[in-house]
Amino acid sequence: MRDETKLATLGRDPEGHHGAVNIPVYRASTILQPDLATLRKVQQARERDEQVVTYGRIGTPLTYAFENTLAELEGGYRAISFPSGAAACTGAILAATKAGDHLLMVDTVYGPTRQFCDTVLKRFGVETTYYPPTIGAGIRDLLRPNTTAVFTESPGSLSFEVQDIPLIAEIAHSHGALVLMDNTWGTPLYFKSFQHGVDLSIHSATKYIVGHSDAQLGVVIATKEAWPTLRETTRTIGTAAGPDEIFLGLRGLRTMAVRLERHMKSGITVAEWLHGRPEVSHVRHPGLSNDPGHALWKRDFLGACGLFAVELQPGVSEAAVAAFVDHLELFGIGYSWGGFESLVTVAQPHRLRSAEPWNDKPPMLRLHIGLENTDDLIADLKAGFDRLNKAS
Numbered sequence: 079m080r081d082e083t084k085l086a087t088l089g090r091d092p093e094g095h096h097g098a099v100n101i102p103v104y105r106a107s108t109i110l111q112p113d114l115a116t117l118r119k120v121q122q123a124r125e126r127d128e129q130v131v132t133y134g135r136i137g138t139p140l141t142y143a144f145e146n147t148l149a150e151l152e153g154g155y156r157a158i159s160f161p162s163g164a165a166a167c168t169g170a171i172l173a174a175t176k177a178g179d180h181l182l183m184v185d186t187v188y189g190p191t192r193q194f195c196d197t198v199l200k201r202f203g204v205e206t207t208y209y210p211p212t213i214g215a216g217i218r219d220l221l222r223p224n225t226t227a228v229f230t231e232s233p234g235s236l237s238f239e240v241q242d243i244p245l246i247a248e249i250a251h252s253h254g255a256l257v258l259m260d261n262t263w264g265t266p267l268y269f270k271s272f273q274h275g276v277d278l279s280i281h282s283a284t285k286y287i288v289g290h291s292d293a294q295l296g297v298v299i300a301t302k303e304a305w306p307t308l309r310e311t312t313r314t315i316g317t318a319a320g321p322d323e324i325f326l327g328l329r330g331l332r333t334m335a336v337r338l339e340r341h342m343k344s345g346i347t348v349a350e351w352l353h354g355r356p357e358v359s360h361v362r363h364p365g366l367s368n369d370p371g372h373a374l375w376k377r378d379f380l381g382a383c384g385l386f387a388v389e390l391q392p393g394v395s396e397a398a399v400a401a402f403v404d405h406l407e408l409f410g411i412g413y414s415w416g417g418f419e420s421l422v423t424v425a426q427p428h429r430l431r432s433a434e435p436w437n438d439k440p441p442m443l444r445l446h447i448g449l450e451n452t453d454d455l456i457a458d459l460k461a462g463f464d465r466l467n468k469a470s
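One rule links them: number in this note's numbering = place in the sequence shown (from 1) + 78.
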């Protein structure tokens with residue numbers, strides 16, 4: 079089946095739920111068994127890693143439907159859900175490291191993941207080294223005897239550098255290290271991580287999987303080899319997503335292909351328009367032919383989402399940037415992305431970069447292009463530029 083058909087059909091069981099098209103929400107903790115023999119039987123099945131329903135935190139029919147759908151969609155072995163994308167990132171790292179290990183972390187990584195590495199992971203005796211996102215084969219020089227994991231994020235969610243994931247994976251695997259990837263931008267539809275050597279694919283399902291800015295949710299998909307440690311770590315810690323959030327994630331999957339296609343087309347349309355504006359010095363969008371990461375994106379990705387960044391001309395004042403942003407009518411000012419609505423934030427990579435200096439860069443805006451009409455979005459941005467020019 080093609081991906082669009084998978085999204086419409088996987089994880090459904092009308093016969094098992096009185097004909098309901100969607101699996102109902104299972105708000106359950108205790109699961110009763112009819113007798114002790116059955117209780118022992120399901121316990122033994124759980125120990126064999128079968129998907130039986132023994133306790134709400136471990137999994138319900140809804141949980142397994144969501145996780146199995148994502149695993150099959152991306153080409154992984156099994157998946158496990160988390161209460162947020164940040165929890166998915168940290169859970170995957172904990173599964174891939176132990177005290178005394180060394181982690182290689184891409185310098186463009188999501189801010190909360192960096193904070194976890196610099197605080198909690200450090201306290202647990204794991205050392206983190208940050209590396210430039212475009213390092214390519216140079217990753218070999220940073221590997222140590224105790225390097226057990228290489229964390230990637232492509233493209234970076236603020237500055238949008240594209241990584242050579244297959245090359246990094248080949249080098250990491252030759253060293254015996256696992257490859258982790260935050261694949262939220264690419265989604266299971268537009269970047270098939272396991273075909274490119276990833277061992278643990280991480281998603282903030284809050285973004286395009288849920289798609290409506292109304293739930294916090296994460297998921298990690300694993301290869302068969304990486305699955306046992308991920309399962310053991312996550313189940314032992316007790317991390318579990320709530321049933322209502324999982325329901326919204328599975329429901330969001332049904333329309334993700336349609337939404338992503340619109341996000342991609344609208345995003346490129348707006349990015350190309352911005353590229354021609356005199357107030358803009360550079361548009362950071364891998365889908366544009368002049369982007370430094372375009373060749374890798376075209377080789378490895380099947381599409382793009384609606385998230386990218388715009389560098390304004392040098393010397394633009396904070397007051398002018400505020401004049402542009404503060405009065406936009408269709409772009410909300412807020413964190414996150416991946417919902418139906420357009421968003422804008424002022425990106426500040428210099429606060430999060432350490433492997434390479436990020437100094438003397440012009441002001442940068444991160445835009446998420448939602449499902450609104452692009453003519454309306456462009457008109458809103460044009461009015462913003464008019465305000466910026468008057469305030470400059």
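Ideal Cβ positions, reconstructed from N, Cα and C, are used throughout, including at glycine.
Look at residue i and residue j and say whether their C-beta atoms are less than 8 Å apart.
i	j	result
G381	L267	yes
G371	P210	no
V399	V424	yes
G345	F386	yes
A304	I249	no
I299	G154	yes
R135	G316	yes
G416	G289	yes
T307	A293	no
H446	L408	no
V131	D322	no
E230	L256	Residue 230 is actually Thr in this sequence, not Glu. No; because the gap between Cβ atoms is not below 8 Å, this pair is not in contact.
Quick one: grab the DSSP three-state call for residue i.
i	result
F362	What sits at residue 362 in the sequence shown is Arg, not Phe. If DSSP states are grouped into helix, strand and coil, R362 belongs with the strands.
S271	helix
S470	coil
R444	strand
L380	coil
F194	helix
S420	strand
G189	helix
F238	coil
L114	helix
R355	coil
V257	strand
Y104	coil
R156	strand
H341	helix
G296	strand
M79	coil
T206	strand
E231	strand
Measuring alpha carbon to alpha carbon, tell me which residue in the options is nearest residue i.
i	options	result
F418	E450, L443, A401 and S432	E450
L390	L421, F379, Q426 and S420	Q426
G137	L236, L258 and R309	R309
A318	I158, H96 and P92	I158
H405	F463, H360, D453 and M79	F463
L148	F402, T207, L466 and F272	F272
N368	D378, H353 and V358	H353
S107	T87, Y286 and T141	T141
H281	F160, G89, H95 and S432	F160
In angstroms, rounded to a whole number, what distance separates the CA positions of residue i and residue j?
i	j	result
I101	T301	26 Å
R429	H251	31 Å
I246	D458	41 Å
L220	D185	13 Å
E150	V348	33 Å
C167	V99	32 Å
L114	V187	48 Å
G264	C383	7 Å
E339	G178	44 Å
M334	V403	29 Å
L117	D127	15 Å
Y208	A170	17 Å
A182	L110	The sequence as given places Leu at residue 182; Ala does not occur at that position. Going from the Cα of L182 to the Cα of L110 covers about 45 Å.
H180	P440	34 Å
E434	G275	26 Å
L455	H253	48 Å
A397	A165	36 Å
H363	R218	28 Å
Can you say whether residue i is buried or exposed, counting buried as having 16 or more other CB atoms within 10 angstroms of its CB?
i	result
Y413	exposed
T122	Reading off the sequence shown, one finds Gln at residue 122, where the question assumed Thr. Result: exposed.
R105	exposed
K119	exposed
N261	buried
R156	buried
D91	exposed
R201	exposed
A174	buried
G225	The sequence given here places Thr at residue 225; Gly does not occur at that position. Result: buried.
R80	exposed
E93	exposed
I411	exposed
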